[in-house]
Amino acid sequence: MDRREFLGLLTLASGASLLAGCDLTRKSEKLIPYLVPPDDGIIPGEATYVATSCTECPAHCGITARIREYRPVRVDGLAAHPVNDGALCMRGQASLSRLYHVDRLRQPMIKDPAGKLVPGTWDDALKRCADALRGNGEHVLLSKRTTGSLSALMDDFSSRTGVKREPEYELLSNAAIREANRSIFGRAVVPLLHPDRADLIITVGADVIETFGNPVEFTEGLSKKRGNGNRVMWYHAEPHVSMSGFKADHRLVVKPGSEATLLAYLLHTVAQAKGAGGAGAHIQDVPAVDLARASAATGLAPDMVASLGNALAHASSPLLVAGGVSTGQESGLDVARIAALIQSACGMQGRTIDMARAQDYSRVGSLVDIERLMQRLDAGSVGTFIIFNTDPVSQLSNGDQFAQSIDHAAFVIGVGDIMTPTMQRADVVLPLSHTLESWGDAEPATGLLNAIQPTLAPLFDTASDGDVLLRLMIATGAAAAGTTYQQYVSDRWSKEFGPGAPATLLKQGWIERAGGSETAAAGAPDHKYTFDSAAAHAGAVLVVAPSPRWYDGRSAELPLLHEIPDPLTSVTWDSWFSAGPETAAALNAKEEDEIELKGDSWTLALPIRVQPGLAKDVFVVHRGAAMTAGIKFSRLSGEAGTVADVTASRTGNRLKIAKTSGSLTEAGRGIVPGSHPHHFNGPHPEEHIDTAHPNEERDKFTFYPVPKYPNYRWAMAIDLDKCTGCSACVAACYTENNVPMTGRDQHLRGREMAWIRLEQYYEMDGSKADFVPAMCQQCDYAPCEPVCPVFATYHNDEGLNAQVYNRCVGTRYCSNNCPYKQRRFNWYAWQHRQHPLDLMVNPDVSIRGKGIMEKCTFCVQRIRHARDVAKDQGRKINEGDFTTACAQACPGKAIVFGNLLDENSEVHKWARDPRSARILEELGTSPGVFYLKKNGGAEHGA
Amino acid sequence: MIRRILDTAVFGYFALFMVLILALGFRWHTQRKAPVQPINYSHQIHVGKLNLECAFCHETADKSYYAGVPSVQKCMSCHSAVKTDTPEIQKLTKYWNDKEPVPWNRVHRIRIRNHIYFTHKRHIAAGVQCEHCHGQLAAMPRVRQVKSMKMGFCVSCHEANHAPTDCVICHK
Amino acid sequence: MDFLSQHIIAPSGQHLKMLEFLAIVTYTIHLPYIAMVIGSTALALWLTFSDHEIPNSNFARLADDVLRTFLGNTTAMLVLGVLPLFALPILYGIWFDSVPMAPIGYIVMPIPGVVLGLVILRFYRSTFSGRKTNYNQHMGLGTLGLLILIGSYFVLLSSVIRLQDPEKWFRLKNLVILLLNWNVIWKFLFFLHAAFGITGAAILFFMFRWSNRATSGDPAYAAFVRKFASGISLAFCFALPLFDLLYVFTSPDIVFDSTTYLMATGIVFVCMLIAFMLIGSLRAGAARHVASIFTMFLIVFVLSASFDVRAMANANKEHAVLLEAQSEKKKAEREAEIEATLAEQSGSSVGEETFNKVCMQCHRFDTKLVGPPLAEKLGSYTKESLVAFILNPTKKDPAYPPMPNPGLTQAQAAAVAEYELSHYKEATGGAPGGAAPAAADSTKAQGGAH
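Chains as they are written, first to last, in the working numbering: chain L, 10 to 951; chain E, -16 to 155; chain A, 49 to 498.
What follows is the structure in structure tokens.
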């Protein structure tokens, strides 16, 4: 009799049989059949895929949703999509958790007489809205950036209902760049970048890997370039610190506010070398800056500045772009203009910069428009105020003022998916469906359209954004009853892209048409340059940078994006100041000491995290962290901010910061591949990697059973040059493998559950930073296996350290014995119980219970599925049949996965690459994960 | 006095065992017995007498991990005309008219289903007969679980037929 | 087995019930006797041994009496001990007719062992008188016979018990696997303890009530026998519930129904009664209600046997149903043949009757039910092809569910085909493929339905 039965018997003997009986009868499971089987050919248990668009940020990548039993269980990048080509960033991966967000609005909310929002019905809500819209006063609609059909529908809406459409509110709107392009070339666009066509890349402040433009697209272009070994040298100049900086070949730390000076120097150098080009007249207006001034202002070594100038002047196909924090300051417009002039002078337009395939920001305003709106609101001239799916109150630095202004409107209609601070100000809140529940389309760039089509019936009583507008129009009699947004978009598709378009869009997910000209001629000069190349900031500087996790703060609503560590600092659930070591020393502050920053009219107190590579007296805080401090930004381009002349002081409090990595350096432990004398250099002799036939010499001395792999040896290779540390893989793993979210308290105890983590190792002087994505290394001679007393973890004949969850009894010996610390223990039963989060489960992966050890298994469920398909066709699993979630998500295509025994597989080639090395190889564990050492762009070239 | 204590002890001793056996019986009754179904559907008639193919109703057994419970429409495709006068079929018709699916009770209870990946598809592709695991359904007026469906049952058959016995083939 | 099932007892439903009953009866007359033989021999051996070490007239006399009582009667040995053995394989053979892998082969195996054991014990008994001279030979014979007997019954019980767990049949490759199983072991221990229990009770019964072996002569001996027998019986009676429980606990789920659990509980209950009676008689200092104690023990054996047979039947319920279905089909076929031949002689339309009885479940001539209207289809059939289709239907028209096999005989099928085609001809006026049903026909068909 086994243990369970014995215990069962005891229970019964102790007279608990009745209880047991009730319990069991309650547990009797039902099998509910279809009433009428679906005719769409969907087989229960088989996944289907729907191509649609991501709307988590304005980049609008194409995504494909994996659907099981009429419920999307995962989103991946849409293969061959012109923007993201199968990859998807961390925010896109996490957007699934917005669909299943616990705080989603489930029905319209209506303010009751007591001024409290209570659940109501659509009819009631719409009636109130209609009455309000018939009322007097000017009616305005404020939305975030909209594209495609939604934008068109909004025009119809405002024309038919007389609601004035405000300039769209988008915090990271690149206003300066648009303004520069408008005033010089007459085209207010944010051009598309082509790093893959460049032989020299200079980025000034633009965090092209995290948030600027379309990060996924840039990363792909960059790694494509770096991949095939062409010469590309990447200089990144920035006042603060970003992943882009550390991934560049040369990170130029410039003094805040000196970017314009640097660019002016470059502009004149280029102009001398190449001639002024089309924009000569403009160039005359730019104050001349000589080498000495430039180097003095930026704080860079003269020869560095000079070499930068030479490189730019002599590069055949350079790419220079300024943006992000550099255009988000007082001299931001100058920076943008000079950058634009350099672009035209070097003839980048049409080569590395595409003016045609640009993100359309034409309707987006700037903070100036927001200020005007607030004035009108305060004046009480606004009747009905429709806030459409945006959250200025929590995103604006002066959000509380904006909130008060909202209250001055006679009637406020909020349209949103979550009860944000902005929505709480509304009189009626109309609930939005998630993109995955909606019809619609999105326009990543002019001439490129993504389809948005539903993947499941709305979970709650919600409507898609287009349908909300249409319902409002119907309610006000501005549209015929019964018109649906689905009809609207498909009509518009055939109108805009021809009759075949709807079919193409629904099948392929996107459609493309020729844009305008890729170049633009300069108009007449009309600008006074105000930047002062001699100026230097007296006090400290606070840089408010866009967050790679929360973008402008909108994604901070998703718990998953707090659970995933910030790539640079590994901070998870907290807000913090990043400060350089010198800064901390000057303040005599240690990690996690609370620092108070004072501006002219604001103070902000947060704990600091020491960030190597950050200049002295520069503090960095992320968008979406703690933005209610009333910080004043540049009025024109307030999207990202450098705030000068702040004073920093220690409050004396010590706070806790939830973070996943305790130390910033590897302290010579040789964790980073290739950073240790023991590490193997040069091409591997066979026995180092040919795990199919391990060599007898070594195996004589091992206590471990010698693995034999008849058919497959699943292995992974990661190119640290291509890896940008963007953490898309981490997010992908979370959603694919039902990895539980544990929250701040547990993180403070070091109990995060991520199966793949991004380790960051710095030289404390900031000269170098390595990002190493680390997951279970699937060793041939795995130390975790022999110590398991119950055979819950073992080595299978395909090279996996398999983990049998329901065998595990939680001794945690394996975790203690793992040199890579890649095993995670369930201290509690983490499975999500709140609806609808309990639906966010990948049914192919079991939910681990309390007291069970779990870890990466190379997505064994995908291997299983691939084997199933292969067996149907009577063959072995081939290269390309499947890949792991992390490899699939990687924008840099830095991860390859496959069968090491297959001579033709990518992983086989990479493993034999001269740069190939494995972590802690000297331990003799012979891991199945290979890392291609970082060797910098210099060695890429001749 | 001692006598009574002795008698009580003896009685208690035997009574204990009777309670235990009855308790086992109760456990069996509550969770091991073949569940009573909302409609008294008989495989004996449909498979035994009419010898319908299993796949005629359990359509996805060879396509998915999930054998599939036939839709109510499926039942009605015949029973809109056949045996419409019998009470059981009238129950069915009522479900159909109320547009409600029939809440069948699960017969094969597997303790750790969450951790197991079992696919009918592969087993049928390998030529395993339905009867091997589900018993002689042709002779079951009410379906009951005839095989333990424990790991030993699976593994012994896998070994006998040289099917893979790697843990992660089934444990997910 | 085929021979048996065809000529002696055809395995139909009622017959299987009867077989179960027979099995119980066989066990009831056989097992208690064997139990007493085993128990008594063991006791006799022990008594003789003790008497040999420290001479004790009581021991010697009791041993002699016990042997006389239980091994004395050769006829009893034949009738109760040997004959029923040969019934068992036949019973199970018929029951498990045409079942692959059923371990009934093991049932035959121990029979020679049992016979041999009994014969040896017979010799052992006859050498009792000469035990003083050649003690070793006497004891040797006894022990040998006893061991052979116990061993054989271990195998016999195991193979019978294993019939209750079809899931494991294909694993029973050899004797070791057969015997190494908790369920089997608990059952066998139950049997052994019951054996000693009933032996004690039997000693009381046969030497105080049946005969006066104990009471004649000195009362000291009588008291000794009474205490000895009651003590043994009581002690082992206490052990029985434990093994009963363990046996039930280790039995697979499929063997159970409510009755089996009641039987198992009943065993414990009877044991309790026995215990109280024995305690009573011990307290009274006289051999009280010995008859009822003995009967109670018999009941324990009956219950235990019924449990096993019932369990076996439950575990193989489906098989029983299949056999039943087979035999009924055979019967029906025979009748149908007769009917058909009669019909052909008397010329009455068996075709129409069969059509109304079977086909009209799904088919009409002119209207669509489950199956297509015959008028549409019949045009494409000759009589032969139609008969062939009826006997072995295949899915023809995707618009309809496949036609189940109506299970008609050749003759019936022919008659139905005949009827349908003729009816079709007169409906369509013989026009091939045409589908204009005459109103009369349809009403007639409808009428036939009710």
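For every residue, glycine included, the Cβ atom is placed at its ideal position computed from N, Cα and C.
| Check | Outcome |
| --- | --- |
| From the beta carbon of E/G8, is the nearest beta carbon of chain A less than 8 Å away? | yes |
| Which residues in chain L have a C-beta closer than 7 Å to the C-beta of E/Q53? List them in chain order. | Reading off the sequence, residue 53 of chain E comes out as Pro, not Gln. Chain L residues near E/P53: P42. |
| DSSP puts L/I76 in a beta bridge; with which residues? | L/T57 and L/P81 |
| Compare the Cα-Cα distances from L/E915 to each of L/A215, L/N887 and L/A894 and report the closest residue. | L/N887 |
| Which residues in chain L have a C-beta closer than 7 Å to the C-beta of E/V85? List them in chain order. | P42 |
| Under 7 Å between beta-carbons, which chain E residues line up against L/S855? List them in chain order, please. | N97, H98 and K155 |
| Any beta carbon of chain E sitting closer than 8 Å to that of L/E962? | The requested residue 962 of chain L is not part of the displayed model; chain L covers only 10 to 951. |
| For L/T612, which beta-bridge partners are listed by DSSP? | L/K607 |
| Would you identify the three-state DSSP class for L/R169, choosing helix, strand or coil? | helix |
| Give me whichever residues DSSP pairs with L/I210 in a beta bridge. | L/W243 and L/L328 |
| Where does L/Q812 sit, in a helix, a strand or coil, going by DSSP? | strand |
| Based on DSSP bridge pairs, tell me the residues matched to L/M862. | L/F834 |
| Hey, L/L87 and L/T73 are a contact pair by Cβ (cut 8 Å); roughly how many whole angstroms apart? | 5 Å |
| Could you check the C-alpha separation between E/K82 and A/V224 for me, to the nearest Å? | 58 Å |
| Mind checking the segment 18 to 44 of chain E against chain L and listing, in chain order, the residues whose C-beta falls within less than 7 Å of any C-beta there? | P18 and T43 |
| For L/Q368, name the three-state secondary structure that DSSP assigns. | strand |
| Which residues in chain E have a C-beta closer than 7 Å to the C-beta of A/A148? List them in chain order. | For clarity, residue 148 of chain A is Pro in the given sequence; the question names Ala instead. Near A/P148 there are no residues of chain E at all, since even the closest Cβ is about 12 Å away, more than 7 Å. |
| Does DSSP classify L/Q843 as helix, strand or coil? | coil |
| What alpha helix (DSSP H) runs, 4 residues minimum, are completely inside the segment 244 to 322 of chain A? | 267 to 298 |
| Which value, in whole angstroms, describes the spacing of the CA atoms of L/T34 and E/T13? | In this prediction, L/T34 has a pLDDT of 40, which is less than 50 and means its spatial position is unreliable; what the coordinates show is noted afterwards. Distance between the alpha carbons of L/T34 and E/T13 is about 6 Å. |
| By how many angstroms is the C-alpha of A/F218 removed from the C-alpha of A/A242? | 31 Å |
| Using a cut-off of 8 Å between C-beta atoms, extract the partners of E/V118 located in chain A. | The residue you asked about is not Val; residue 118 of chain E is Gly in the sequence shown. By Cβ distance, chain A contributes E366. |
| Let me know if L/Y790 comes out buried or exposed under the rule of 16 or more other beta-carbons within 10 Å of its beta-carbon. | buried |
| Could you tell me the alpha carbon to alpha carbon distance between L/Y837 and L/T820, rounded to whole angstroms? | 15 Å |
| Does the beta-carbon of L/P327 have 16 or more other beta-carbons within 10 angstroms, so that it is buried, or is it exposed? | buried |
| Which parts of the segment 59 to 146 of chain L are runs of the alpha helix (DSSP H), unbroken and 4 residues or longer, counting only runs that do not cross its ends? | 99 to 103, 105 to 108 and 131 to 143 |
| How long is the line joining the alpha carbons of L/H148 and L/Q462, rounded to whole angstroms? | 31 Å |
| Under 8 Å Cβ-Cβ, which residues of chain E neighbour A/D301? | W11, R15, Q128 and S131 |
| In the DSSP assignment, find the beta strand (DSSP E) that holds A/I102 and state where it starts and stops. | Looking at the DSSP string, A/I102 is not in any beta strand (DSSP E), and its letter there is neither H nor E. |
| What residues from the segment 316 to 329 of chain A come within 8 Å of chain E, judged by C-beta to C-beta, listed N to C? | V316, F317, C319, M320, A323, F324 and I327 |
| Please say whether L/T581 and L/E572 have beta carbons closer to each other than 8 Å? | yes |
| When the Cα atoms are used, what is the spatial distance from L/I210 to L/D409? | 41 Å |
| For A/A380, is the classification buried or exposed, using 16 other Cβ atoms within 10 angstroms of its Cβ as the cut-off for buried? | exposed |
| Hey, does A/Q374 have any beta-carbon neighbour from chain E nearer than 8 Å? | no |
| Should the segment 201 to 210 of chain A be regarded as contacting the segment 140 to 159 of chain A, the criterion being three or more beta carbon pairs within less than 8 Å? | yes |
| Looking at the secondary structure, which residues open and close the beta strand (DSSP E) in which L/G359 lies? | Note, L/G359: premise wrong, no beta strand (DSSP E); not H, not E. |
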